[in-house]
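Undergrad: I am attaching a structure below and will ask some questions about it afterwards.
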Amino acid sequence: MFEKILIANRGEIALRVQRACRELGIKTVAVHSEADRDAKYVKLADESVCIGPAPSAKSYLNIPAVISAAEVTDAQAIHPGYGFLSENADFAERVEQSGFVFIGPRAETIRLMGDKVSAKDAMKKAGVPCVPGSDGALNDDPAEIMKTAKRIGYPVIIKAAGGGGGRGMRVVHTEAALLNAVNMTKAEAQTAFGNPMVYMEKFL
Numbered sequence: 003m004f005e006k007i008l009i010a011n012r013g014e015i016a017l018r019v020q021r022a023c024r025e026l027g028i029k030t031v032a033v034h035s036e037a038d039r040d041a042k043y044v045k046l047a048d049e050s051v052c053i054g055p056a057p058s059a060k061s062y063l064n065i066p067a068v069i070s071a072a073e074v075t076d077a078q079a080i081h082p083g084y085g086f087l088s089e090n091a092d093f094a095e096r097v098e099q100s101g102f103v104f105i106g107p108r109a110e111t112i113r114l115m116g117d118k119v120s121a122k123d124a125m126k127k128a129g130v131p132c133v134p135g136s137d138g139a140l141n142d143d144p145a146e147i148m149k150t151a152k153r154i155g156y157p158v159i160i161k162a163a164g165g166g167g168g169r170g171m172r173v174v175h176t177e178a179a180l181l182n183a184v185n186m187t188k189a190e191a192q193t194a195f196g197n198p199m200v201y202m203e204k205f206l
C-alpha cells in the first residue's frame, strides 16, 4: 500500500481519485496549472504543486514537471486518471524509470492498445470477435480502398489508428464520398495525433 500518491490530472477526475485515496488512508498530491490554483481538487489535496501556466501542453501534459512534482513531494506513485497523459506510453515508462509506480497499464500494453490497428490485430490473434474491417491500415491505392469498402459493405467508418476522444473518425455512406473521407481523416489524424494512419470498419 502507498502512503502518498500524486494525481496527474485535474477537476472531477482528480476528485474521484482523491476520494478513493482518502478511503484507503493514502495522502494525495494535486498538480495544477496557474489557472487552477484555487480549484476544489487542489484545496482538498494534502499537498499541491503548480506545474505550469494555463495551457495544458505547458502543465498537465508536461512530463518533466509532473515527475518533478512527485520528486519534491516524496510521492511513491503517480495516478494519471484518464485523458491527458493516461494513455501516453512514454509517460508510463518515464514514471517507472524515475523510481515511481505508475498506477495503470504497463508502457508496452499502452503502446499496443494505443494504436487501434495493432490492438485489433492482437484481438484477432487472441480469438476475440471483431467488427469486420480492413486488414490493417489503409494504403494509398484508391482502387484497393474502394475494394475494401465494397467487401465490408456500406456504411463504413474511417478511423485514425492513433485516434481517441471521438476525433479522427468519419462515417461514409457511399462510394462517391469514400476517398475524400479517407483523405480528410488522414489529414486530421496527422494534425491531431501525429500519425496519418487510418483503417476502415463496418459502421454499425
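First residue of the sequence shown? That's 3 in the numbering used here, and the numbers climb one at a time after it. Note that the Cβ used here is the ideal one computed from N, Cα and C, for glycine as well.
Nearest CA to the CA of aspartate 143: which residue from Asp123, Val184 and Ser120?
TA: For the purposes of this step, residue 143 is taken as the residue at position 141 of the sequence shown. Checking every option, the nearest Cα to that of aspartate 143 belongs to Val184.
Undergrad: At which residues does the alpha helix (DSSP H) containing leucine 17 begin and terminate?
TA: Numbered from its first residue, the sequence shown carries residue 17 at position 15. Start and end: 13 to 26.
Undergrad: Around the Cβ of methionine 125, are there at least 16 other Cβ atoms within 10 angstroms (buried) or fewer (exposed)?
TA: As a working note, residue 125 is residue 123 in the sequence shown. Its Cβ having fewer than 16 others within 10 Å, methionine 125 is exposed.
Undergrad: What separation, rounded to the nearest whole angstrom, lies between the Cα atoms of asparagine 90 and alanine 178?
TA: On the sequence shown, position 88 is the one that residue 90 refers to. On the sequence shown, position 176 is the one that residue 178 refers to. Answer to the nearest angstrom: the Cα atoms are 37 Å apart.
Undergrad: Does the count of Cβ pairs from the segment 120 to 136 and the segment 53 to 71 closer than 8 Å reach three?
TA: Not touching, per the Cβ criterion.
Undergrad: Which of helix, strand or coil does DSSP assign to arginine 39?
TA: Here the question's residue 39 lines up with position 37 in the sequence shown. Arginine 39 falls in the coil class under three-state DSSP.
Undergrad: For isoleucine 65 and glutamate 98, I'd like the C-alpha separation in whole angstroms.
TA: By one-based count along the sequence shown, residue 65 stands at place 63. By one-based count along the sequence shown, residue 98 stands at place 96. The alpha-carbon atoms of isoleucine 65 and glutamate 98 are separated by roughly 12 Å.
Undergrad: Might you give, ordered along the chain, the residues of its own chain that have their beta carbon closer than 6 Å to the beta carbon of alanine 72, omitting 5 neighbours on each side?
TA: Looking up residue 72 in the sequence shown gives position 70. Excluding sequence neighbours, alanine 72 sits near Leu8, Ile80 and Phe102.
Undergrad: Which same chain residues, not among the five before or five after lysine 29, have their C-beta less than 6 Å away from its C-beta?
TA: Numbered from 1 along the sequence shown, position 27 holds the residue referred to as residue 29. For lysine 29, where only same-chain residues beyond five positions count, the Cβ hits under 6 Å are Lys6 and Asp48.
Undergrad: Looking only at its own chain, which residues have a Cβ that is under 8 Å from the Cβ of valine 31, when we skip the five neighbours before and after it?
TA: As a working note, residue 31 is residue 29 in the sequence shown. Only Lys6, Ile7, Leu8, Ile9, Ala47, Asp48, Glu49, Ser50, Val51, Ala71, Ala72, Thr75 and Ala77 meet the Cβ criterion.
Undergrad: Assuming glycine 106 contacts alanine 94 under a Cβ cut-off of 8 Å, what Cβ separation, rounded to an integer in Å, is found between them?
TA: Within the sequence shown, residue 106 is the residue found at index 104, counting from 1. Within the sequence shown, residue 94 is the residue found at index 92, counting from 1. The pair is a contact, with the Cβ atoms about 6 Å apart (cut-off 8 Å).
Undergrad: Is glycine 170 closer than 8 Å to glutamate 190 when the C-beta atoms are compared?
TA: In the sequence shown, residue 190 corresponds to position 188, counting from 1. In the sequence shown, residue 170 corresponds to position 168, counting from 1. Cβ distance < 8 Å, so glutamate 190 and glycine 170 count as in contact.
Undergrad: What is the DSSP secondary structure of serine 70, counted as helix, strand or coil?
TA: As a first step, residue 70 must be located in the sequence shown, where it is residue number 68. In the structure shown, serine 70 sits in a helix (DSSP, three-state: H, G or I).
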